[in-house]
Amino acid sequence: MGFFTYAVTGIGFILIGFWESVNSLNQNRNPNRTPPSSLSTQIKSTYIPKTKDNPFSSSFIFVSIFALLIFLNSVVSIFDAFSSKDRVESVLQLQVVSIALLFLLYSTLGLLNNKRSSYFWPDSILGVALLLAFVEEFLLYYLQRKDTSGIENRYFDLLCVPIAVCVVSTKLELTSK
């Protein structure tokens, strides 16, 4: 079950990244050509449009489904670890549960932003939730040292690189707003 889970997770991350890049390219091709003229139009232009045509709402749906599946997989693995009396696996799965819940919080807040009758969450709160999830995921892989000379540790080091890129880009996005 381990390889299949990791393969599906990797493919899911690749698909979400591809979808985000396609949406950002489409958004950059159709910029708003009319500059805001008054303060009220400047304030309205800073909000995410609350329509069903927002391309990022589908990204939030993908991330929420993906985070929910990872959460359920971790809960099942925790029960398997308890039944086999494996204390290390249960602790590792608790870390994965917390990361999945942070990604679920990010996607839920993003979906709430797209509803017309819901409360608007600032982009900085969404960014902070995403940054915390990426930092926690980075620490999970960086601090997980089983065998320092083995090949498994090399894979953990390789996984730290794209996660660190996500941390840096999310931090840059937060500081640019």
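Everything in the sequence shown is counted per the working numbering, starting at 1 for the first residue and increasing by one. No residue lacks a Cβ here, since even glycine has one placed at the ideal position from N, Cα and C. Keep in mind that this is a model prediction, so the values were computed, not measured.
Which first and last residues belong to the alpha helix (DSSP H) in which residue i is found?
| i | result |
| --- | --- |
| SER107 | 87-114 |
| LYS171 | 151-176 |
| PHE134 | 123-142 |
Here's a check: name, in chain order, each residue in its chain whose Cβ is nearer than 6 Å to the Cβ of residue i, leaving out the five neighbours to either side.
| i | result |
| --- | --- |
| PHE66 | GLY12 |
| GLN95 | LEU140 |
Who are the near neighbours of residue i in its chain, counting only those whose CB is closer than 7 Å to its CB and skipping five residues on each side?
| i | result |
| --- | --- |
| GLU173 | GLY127 |
| SER98 | GLU136 |
| ALA81 | GLU89, SER90 and GLN93 |
Exposed or buried, residue i, counting other C-beta atoms within 10 Å across all chains shown (16 or more means buried)?
| i | result |
| --- | --- |
| PHE103 | buried |
| ASN113 | buried |
| LEU143 | exposed |
| VAL63 | buried |
| TYR106 | buried |
| ALA129 | buried |
| PRO162 | exposed |
| SER57 | buried |
| ALA7 | exposed |
Since residue i and residue j are thought to touch, with beta carbons under 8 Å apart, how far apart are those beta carbons, to the nearest angstrom?
| i | j | result |
| --- | --- | --- |
| PHE134 | CYS160 | Actually they are not in contact, since the Cβ atoms of PHE134 and CYS160 sit about 11 Å apart, beyond 8 Å. |
| LYS171 | LEU131 | 6 Å |
| SER77 | GLU89 | 7 Å |
| SER59 | ASN26 | With a Cβ gap of about 12 Å, SER59 and ASN26 do not count as contacting. |
| LEU111 | ILE61 | 7 Å |
Taking 8 Å as the limit between beta carbons, can you name the residues of its chain near residue i, skipping five residues before and five after?
| i | result |
| --- | --- |
| ILE16 | SER59, PHE62, VAL63 and PHE66 |
| VAL167 | LEU131, PHE134, VAL135 and PHE138 |
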